[in-house]
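Undergrad: FYI, in this note's numbering the residues of the sequence shown are 1436 to 1625.
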Amino acid sequence: MLNIVIFGAPGSGKGTQSEFIVEKYGINHVSTGDVLRGEMKNGTELGKIAKGYMDEGKLLPDDLIVDMLASKLDSFEGSKGVIFDGFPRTIAQAEALKKMLAARGQEVSVMLDLEVPEDELMVRLIKRGQETGRADDNEETIKNRLVVYHSQTAPVIDWYKNDGKYQHIDGVGSMERIFADICAAIDGLK
Ligand code: AMP
1436 MLNIVIFGAP
1446 GSGKGTQSEF
1456 IVEKYGINHV
1466 STGDVLRGEM
1476 KNGTELGKIA
1486 KGYMDEGKLL
1496 PDDLIVDMLA
1506 SKLDSFEGSK
1516 GVIFDGFPRT
1526 IAQAEALKKM
1536 LAARGQEVSV
1546 MLDLEVPEDE
1556 LMVRLIKRGQ
1566 ETGRADDNEE
1576 TIKNRLVVYH
1586 SQTAPVIDWY
1596 KNDGKYQHID
1606 GVGSMERIFA
1616 DICAAIDGLK
């Protein structure tokens, strides 16, 4: 089983690299942000709750996200592995993921931390907002998301270092070079 956590600030390239990983390694992909955007589009109760948080660039409560993730994991029963994109974003979520996988006799294989400097993140997100119309890719919300990243999400880095799963990936450069570094990290796993 190949269970990969792809980690990094908003705009670090997690979604793009996840697509390459899915294609090469044939594992399932779950992006909590994509699931929430789907719920919003379908006008579900969860979608309505999510909108308020997402518009402000805030994280949804851990229990909501963890329940959502658990049902996704159940739907992947029998798969070769999973790439977790945009999850975990808090230490409580990292702990919940560890428990959820352990209950299935599994564990996280590696946490890939895509590092990109803040000024570059801002440029990428503004550009994505212009190109895709994604509602939370506007300057004010981006700033909030980066503050939330530093205060609530970045501590997850040390948590995975302590768990022996952390791998740094330089997230600046061509998509191909970044993907080659990711493949080297995955293929180097025992
Ligand atoms: P993303 O598409 O990963 O950038 O996520 C967009 C937004 O969805 C975030 O700013 C949060 O409001 C919400 N979100 C996504 N994943 C999580 C998570 N793991 N925990 C809490 N909120 C999340």
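Beta carbons are placed, not taken as given, at the ideal position from N, Cα and C, and that holds for glycine.
Keep in mind it's a predicted model, so treat the numbers as computed, not measured.
Using CA coordinates, which residue listed in Tyr1601, Ser1506 and Glu1491 is at the minimum distance from Asp1498?
TA: Ranked by Cα distance from Asp1498, the first of Tyr1601, Ser1506 and Glu1491 is Ser1506.
Undergrad: Thinking C-alpha only, which one of Asp1548, Leu1494, Lys1578 and Glu1566 is nearest Tyr1601?
TA: Asp1548
Undergrad: Have a look at the DSSP bridge pairing and note the partners of Leu1437.
TA: Gly1516
Undergrad: Between the beta-carbon of Lys1449 and the beta-carbon of Gly1521, is there less than 8 Å?
TA: yes
Undergrad: From Leu1624, Lys1625 and Cys1618, pick the residue whose C-alpha is nearest to that of Ile1456; which is it?
TA: Cys1618
Undergrad: Out of curiosity, what's the CA-to-CA distance linking Gly1599 and Gly1513?
TA: 26 Å
Undergrad: Between the C-alpha atoms of Thr1576 and Ile1621, what's the straight-line distance to the nearest angstrom?
TA: 33 Å
Undergrad: Measuring only the C-alpha atoms, how far is Asn1573 from Glu1491?
TA: Between Asn1573 and Glu1491, the C-alpha separation is close to 11 Å.
Undergrad: Closest by CA to Thr1451, which one among Lys1625, Asn1438, Ile1613 and Gly1623?
TA: Ile1613
Undergrad: Under 8 Å, do Val1440 and Val1543 count as touching if we go by C-beta distance?
TA: yes
Undergrad: Can you tell which of Asn1438, Ala1444, Met1436 and Ile1518 has its C-alpha closest to the C-alpha of Glu1550?
TA: Closest by alpha carbon: Ala1444.
Undergrad: Run the proximity test for Ser1453: is its beta-carbon closer than 7 Å to any non-hydrogen atom belonging to the ligand AMP?
TA: no
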